[in-house]
Each structure stands twice: as structure tokens, then as C-alpha cells.
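Just so we're aligned, residue 4 is where the sequence shown starts under our numbering, counting upward by one.
Virtual Cβ for every residue (Gly too), placed ideally from N, Cα, C.
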Amino acid sequence: MKLFLKYHIFNIVTVIAVTMFFSCDNRLKEVQQIGISDNEPIGVAENIILKHIDSGKVESILTSPKMIDYSNRDFAFNEFPDGMHLELFDSKNQKTTIRSDYAIIYDKTGLTDLQGNVVLSTETKDTLFAEQLFFDKIKQWVFTNKPVKFRTGTDLINGNGFDSDKEFSQAEVLEINGIITLNE
Numbered sequence: 004m005k006l007f008l009k010y011h012i013f014n015i016v017t018v019i020a021v022t023m024f025f026s027c028d029n030r031l032k033e034v035q036q037i038g039i040s041d042n043e044p045i046g047v048a049e050n051i052i053l054k055h056i057d058s059g060k061v062e063s064i065l066t067s068p069k070m071i072d073y074s075n076r077d078f079a080f081n082e083f084p085d086g087m088h089l090e091l092f093d094s095k096n097q098k099t100t101i102r103s104d105y106a107i108i109y110d111k112t113g114l115t116d117l118q119g120n121v122v123l124s125t126e127t128k129d130t131l132f133a134e135q136l137f138f139d140k141i142k143q144w145v146f147t148n149k150p151v152k153f154r155t156g157t158d159l160i161n162g163n164g165f166d167s168d169k170e171f172s173q174a175e176v177l178e179i180n181g182i183i184t185l186n187e
């Protein structure tokens, strides 16, 4: 009788243990998300300086008074509501500087959307003024389809749209509205 009772208790304990083992699954993501709304940022950083370095060479430096991190969303992004300053360095270590009042960087696409008083200036003093400009990190390309003013040499070119590589060797104002030659 004692053997029969021990056998049943052993079976019951085994069934409970196996049930508990298989009923638990990996819900670490769910636990990490407890208390975080899908619409709320996962973090906020102030007075940031981000440097992108590849093979020991600085490729870009981003500074901003505030960055809001939405990497907890399916389509992750970082928002810079107080603007940003971006320095891009080409293969000859020449610097292109971009400033804007507002920016969003989308992680999955590598696209940066710069908005409000966007000013892009190169080492050779070429300067682009726009209300919106996109920077494709993957293709190393800047572009917009909004109105622009582009100062190159003594010419100020007005147009609707702009395309260029980050080194400005292929800079092109689209739909040119006028060219003004400035006196130096």
C-alpha cells in the first residue's frame, strides 16, 4: 500500500513539474515592456554627441540638445525636437556641416529627415538652404523636392529640389527658377 501511494505521489509531482516546465515560455520582451506605452519613448537624452567611426576614421559627428528614443516601436526612430548639427567627413577628411531646427532618424531605412531652416555647407563654401532635406546614410546621398537656394562660387541658384552625394561632387539643383551672380 505504501509503495502504491509513493508511486501515485511521484506520478502527480512529475505531471505537475512537466506541466509547469512546458507552460513557461520566454516572455522577456513582454516583461521588459511592462509599464511602457507603445506611444511613449523608451528614453530621452540631453546634450548628446554621437560619433560614427569606421576603421578608426571618424565619418560623422551628431550633436543635439535633446534626443528622444523610440526604438521600442516596430518602425524605430530617434527624434531631435530641438534641432541637430551633423558633421560628415569624406574620404579626404573634408567636412560637410548640416544644421536643422528639427530632425528624425529612422533606424531601419538609414534615412534622416531634417526640417526647418536647414543649412548645409561644405568645405569649399558651397551652401544649401532648404526647409526640408533628407540624408540617406546607406547611399551617402542628400536630396529634397522642396524649394532650395544653393550658393556655389559666385552663383546663387533657386530651384525646386536638390540631389547630391555627400561630397557635393554631383550636386544638382532641380527645376531651376533662376540664377543670380553675386559680386565677391
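Considering only their Cβ atoms, is the gap separating residue j from residue i smaller than 8 Å?
i    : j    : result
E49  : P68  : yes
F165 : T147 : yes
V122 : F92  : no
K152 : T99  : no
I51  : M70  : yes
Y109 : F132 : no
I107 : S74  : no
Using CA atoms only, rank isn't needed, just tell me which of the options is closest to residue i.
i    : options               : result
S58  : D168, R154, S94       : S94
S167 : F78, F137, G156, N180 : F137
L114 : E43, F78, R154        : F78
Give every residue of the same chain whose Cβ lies closer than 6 Å to the Cβ of residue i, excluding the five residues on either side of it in the sequence, and list them in chain order.
i    : result
P150 : N163
I182 : D158, I160
D104 : G86, G119, N120
T155 : D129
Who pairs with residue i in a beta bridge, going by DSSP?
i    : result
A48  : M70
E90  : I64, T100
A133 : V121, V151
N163 : P150
E82  : I71, I107
T127 : According to DSSP, which records beta bridges pairwise, T127 is partnered with nothing at all.
Between which residues of its own chain and residue i is the CB-CB distance below 7 Å, once the five residues before and five after are set aside?
i   : result
L65 : L53, M87, L89
Q97 : E126
Between residue i and residue j, how many whole angstroms is the CB-CB distance? I'm expecting something under 8 Å.
i    : j    : result
I141 : L117 : Actually they are not in contact, since the Cβ atoms of I141 and L117 sit about 16 Å apart, beyond 8 Å.
D129 : A174 : 7 Å
Might you give, ordered along the chain, the residues of its own chain that have their beta carbon closer than 8 Å to the beta carbon of residue i, omitting 5 neighbours on each side?
i    : result
F171 : T99, T125, T127, D129
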